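Asker: Here it is, the structure in full.
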Amino acid sequence: MLRPKLELADIFRAYGPAWRQANAGHVSLSQLKVMSAIETCRTEALGGHVAACGKCGHRHVAYNSCKNRHCPKCQGPAARDWMAARAEDLLPVEYFHVVFTLPAEIAQIAFWNKKAVYDLLFRASAETVMTIAADPWRMGAQVGMTSVLHTWGSALTHHPHIHMIVPGGGLSPDGTRWVPCRPDFFLHVRVLSRLFRRLFIEGLLALHRAGALWHCCRTLAVKDSHHESMRLDGWHEQAQARPLP
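Following full-length UniProt numbering, the residues of the sequence shown are numbered contiguously, the last one being 245.
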């Protein structure tokens, strides 16, 4: 694959120092490390290695990669391989794109407790879809899904949400037949939103009681027996579902 004329690393190297100075105090250490890794990836700063052919003896000297998960140069091929592998898993059925998001109050907690809250986001969203889909009054099927966590929104602000690709149907409870959903309709968004909100709040409170959350704001300064006292008035329609083209 030919190298593009302009790479992200070129932009970082040209404008990164001025940008870091202008935004001093507003960029986390982890973000600065990512920028540094991308800037130095496959340059003499990281050293090099020799690749040799065992048959003809030809040698090729190359600079080392940063292997940072945010680096497009390192992770681009890996992302393409992952997409190809997932494409092989697809069934010949309609698929739906389901998105689960968190309100600003919870996103603030997630920012300081990434592992705990992101794990909970995966669990609550998956349990929501499987529970509603298994309801015989809804679909009555055992469904699967592929979930991907995004932690930033289109405005490049912290906005954790789950993108989920779900087949339009699943196995019957006895596992003997395929149960399709209605054409162009997966599950009611309001029903998904309500269950997701309940499961997530219950899980978040359990983490809080166990002392597993750090730097919690007043959002969780509530009595365990009063879930409704949590300041989540803006948490509405936190699930979206639409057919994939």
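Don't be surprised by glycine CBs; every beta carbon is placed ideally from N, CA and C.
Predicted model, so just to flag it, every value in this text is computed and none were measured.
Once you ignore the five residues that flank GLN240 on each side, which residues in its own chain have a CB closer than 6 Å to its CB?
Answerer: Locating residue 240 in the sequence shown gives position 240, counting from the first residue. Answer for GLN240: VAL99, listed in chain order.
Asker: For the pair the region 85-103 and the region 158-165, tell me if three or more CB-CB distances fall below 8 Å.
Answerer: The answer is yes - the region 158-165 touches the region 85-103, with three or more Cβ pairs under 8 Å.
Asker: Can you tell me the Cα-Cα spacing of PHE96 and GLU39, whole angstroms?
Answerer: Taking the sequence shown and counting its residues from 1, the one referred to as residue 96 is at position 96. Taking the sequence shown and counting its residues from 1, the one referred to as residue 39 is at position 39. Looking at the two C-alpha atoms, the distance is approximately 38 Å.
Asker: Look at the alpha carbon of GLY25 and the alpha carbon of SER36, and state the distance between them as a whole number of angstroms.
Answerer: Mapped onto the sequence shown, residue 25 falls at position 25. Mapped onto the sequence shown, residue 36 falls at position 36. About 17 Å.
Asker: According to DSSP, is PRO167 part of a helix, a strand, or is it coil?
Answerer: In the sequence shown, counting from the first residue as 1, residue 167 sits at position 167. If DSSP states are grouped into helix, strand and coil, PRO167 belongs with the strands.
Asker: Measure from the alpha carbon of LEU204 to the alpha carbon of each residue in LYS115, LYS5, ARG3, then state which is nearest.
Answerer: The residue labelled residue 204 in the question sits at position 204 within the sequence shown. It is LYS115.
Asker: What's the gap between the Cα of GLU44 and the Cα of SER154?
Answerer: Reading the sequence shown from its first residue, position 44 is the one you call residue 44. Reading the sequence shown from its first residue, position 154 is the one you call residue 154. Between GLU44 and SER154, the C-alpha separation is close to 34 Å.
Asker: Considering only residues of the same chain and omitting the five flanking positions on each side of ASP224, which have a CB-CB separation below 7 Å?
Answerer: Numbered from 1 along the sequence shown, position 224 holds the residue referred to as residue 224. Summary for ASP224: the model assigns pLDDT 44, below 50, so the residue's position carries little reliability; its value from the coordinates is reported in the next sentence. Excluding sequence neighbours, ASP224 sits near LEU205, ARG209.
Asker: Hey, MET139 and LEU90: beta-carbon distance below 8 Å or not?
Answerer: Reading the sequence shown from its first residue, position 139 is the one you call residue 139. Reading the sequence shown from its first residue, position 90 is the one you call residue 90. Not closer than 8 Å, so no.
Asker: Looking only at C-alpha atoms, which of CYS66, PHE122, PHE12, ASN68 sits nearest to residue 250?
Answerer: Nothing in the structure corresponds to residue 250, since the chain is present only between 1 and 245.
Asker: Please tell me whether VAL34 and ASN64 are closer than 8 Å, where the distance is taken between their beta carbons.
Answerer: Within the sequence shown, residue 34 is the residue found at index 34, counting from 1. Within the sequence shown, residue 64 is the residue found at index 64, counting from 1. Against a cut-off of 8 Å, the Cβ pair of ASN64 and VAL34 comes out as no contact.
Asker: Does the count of Cβ pairs from the region 68-84 and the region 117-137 closer than 8 Å reach three?
Answerer: Output reads no: the region 117-137 does not touch the region 68-84.
Asker: Do GLY168 and VAL117 come within 8 Å of each other at the CB atom, strictly closer than that value?
Answerer: Counted from its first residue, the sequence shown places residue 117 at position 117. Counted from its first residue, the sequence shown places residue 168 at position 168. Taking 8 Å as the Cβ cut-off, VAL117 and GLY168 do not qualify as a contacting pair.
Asker: For ALA18, is the classification buried or exposed, using 16 other Cβ atoms within 10 angstroms of its Cβ as the cut-off for buried?
Answerer: By 1-based counting over the sequence shown, the position of residue 18 is 18. So ALA18 ends up on the exposed side.
Asker: Consult DSSP for THR40 and reduce its assignment to one of helix, strand or coil.
Answerer: To locate residue 40, count along the sequence shown from 1; it is residue 40. Helix at THR40.
Asker: Could you tell me the distance, in whole angstroms, from the CA atom of PRO181 to the CA atom of SER193?
Answerer: Taking the sequence shown and counting its residues from 1, one reaches residue 181 at position 181. Taking the sequence shown and counting its residues from 1, one reaches residue 193 at position 193. Looking at the sequence shown, residue 181 is not Pro but Cys. Between CYS181 and SER193, the C-alpha separation is close to 19 Å.
Asker: Going by DSSP, name the residue or residues bridged to GLY48.
Answerer: In the sequence shown, the residue the question calls residue 48 occupies position 48. Looking at the DSSP assignment, GLY48 forms a beta bridge with TYR63.
Asker: Starting from PHE100, trace the alpha helix (DSSP H) in both directions and tell me its first and last residue.
Answerer: Position 100 of the sequence shown, counted from the start, is the residue given in the question as residue 100. Segment 95-101 is the beta strand (DSSP E) holding PHE100; no alpha helix (DSSP H) there.
Asker: Kindly identify the DSSP beta-bridge partner or partners of LEU149.
Answerer: Locating residue 149 in the sequence shown gives position 149, where the first residue counts as 1. ILE162.
Asker: What is the DSSP secondary structure of ALA79, reduced to helix, strand or coil?
Answerer: The residue you call residue 79 lines up with position 79 of the sequence shown. Here ALA79 sits in helix by DSSP.
Asker: Taking all protein chains shown into account, do 16 or more other C-beta atoms lie within 10 angstroms of the C-beta of PHE196, making it buried, or fewer, making it exposed?
Answerer: As a working mapping, residue 196 is identified with position 196 in the sequence shown. Result: buried.
Asker: State the DSSP-derived secondary structure class of ALA14, mapped to helix, strand or coil.
Answerer: Taking the first residue of the sequence shown as 1, we reach residue 14 at position 14. Note: ALA14 maps to helix in three-state DSSP.
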